[in-house]
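Asker: Mapping of the sequence shown onto the numbering used here: position 43 corresponds to residue 120, and the numbering continues sequentially without gaps.
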Amino acid sequence: MRRRLRLTLLFAFVLSVACCTRALGKVAYNNLLPQIILNRIDEYFDLNSTQEKYLKARLQVHHAWHRTTQLKLYGADLKDLRSRLAATLTEADLLWLTDRLTRHRNAIYARIIPDLVNVLQTLSDDQLNHFQKKLDKENRELDEKLARPLSVRQQEEFQAIVKQIEEWTGSLTKLQKDMLRTKYVSIADSAVDWLRYREDQQGVFVRLLRSKPDHQTLKADLEGRMIYQERNVPQRFKVRFQRTLTLLKEMALTADKTLTPDQRMHALAKMDEYIQLVEEISPR
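1) In chain order, what are the residue ranges of uninterrupted alpha helix (DSSP H) at least 4 long that sit wholly in the segment 259-329?
2) Between L223, M303, L148, which lies nearest to F282 when the distance is taken from Cα to Cα?
3) Select from L285, R258, I189 the residue whose C-alpha is nearest the C-alpha of K133.
4) Counting along the chain, where does the alpha helix (DSSP H) carrying Q137 start and finish?
5) Does the distance from the C-beta atom of R144 to that of P360 stay below 8 Å?
6) So, for K222: in the same chain, excluding its five sequence neighbours on each side, which residues have a beta-carbon less than 8 Å away from its beta-carbon?
7) Distance check for F318 and K254, CA to CA, integer angstroms please.
8) If you scan the segment 150-236 from start to end, which runs of the alpha helix (DSSP H) of 4 or more residues do you find wholly inside it?
9) Which word fits W245, buried or exposed, when buried means at least 16 other C-beta atoms lie within 10 angstroms of its C-beta?
10) If you follow the alpha helix (DSSP H) that K112 is part of, which residue opens it and which one closes it?
11) Less than 8 Å between the beta carbons of Y121 and K211, yes or no?
12) Using a Cβ-Cβ cut-off of 7 Å (strictly less than) and excluding sequence neighbours within five positions of Q279, which residues of its own chain qualify?
13) Tell me the residue span of the alpha helix (DSSP H) that contains P338.
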């Protein structure tokens, strides 16, 4: 969550709706995406042949749905975002951006949750143990990263943000970086607190799976964790999230306001590449 919140909103939209296709390319999106997702799920649950066969078939169905119904929405929103980027971005543009992000995310979650529930209900004790060990390993790795000095982590994260922005705008000036850093350093660090909360919630989820809940109970739990995640976190995180969101908006508006004509043209050209790619992988 920490890393996701720190992404500038200006580029989060493009990453969400197109970066997977950009990274995979046209051929990979059309032919490999379901298998890539299946492999990722298998890493966590060590699927048996029956579970794998079921998920493979369902992912093919969801992939076809995504290609035929969602890509055209992404393309339309990318074109809309391009026109907004061609002018000076406003706070209203960023509100639109976050709304579209949430809608696209939740459309996918709503599709896959029922099938995910069907598989989760069939997990054996050994598979649940495998899942727990996978989560524990990830949390230990995060703990190790968070044990480093805060200044080191913040410097790495800020450099990553700058690199991401410069992929769109070309090189930023020192003044532009300094202005962004001023906003960035105001974002409170809550990574350790969030990790502890995440570990606690993972424990709750694993215990729920071990209790063999009925379909509706498990579906409601997943919807709360995925579709309604923002409203279900503790109040202390809601307050921090809103503060962080405000600062991210300020960072995005600051970055946009200071773009030179060449930098804006660079960003628009990059946006055109994504629009073209989405059009290429969309059905005719």
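Using N, Cα and C, we set each Cβ at its ideal position, and we do this for glycine too.
Answerer: Reading from the atomic positions:
1) 268-287, 292-303, 306-309
2) M303
3) I189
4) 126-142
5) yes
6) R230
7) 23 Å
8) 168-197, 202-223
9) buried
10) Here the sequence assigns Gln to residue 112, which means Lys is not the residue at that position. From DSSP, the alpha helix (DSSP H) with Q112 extends over 110-122.
11) yes
12) L212
13) 338-358
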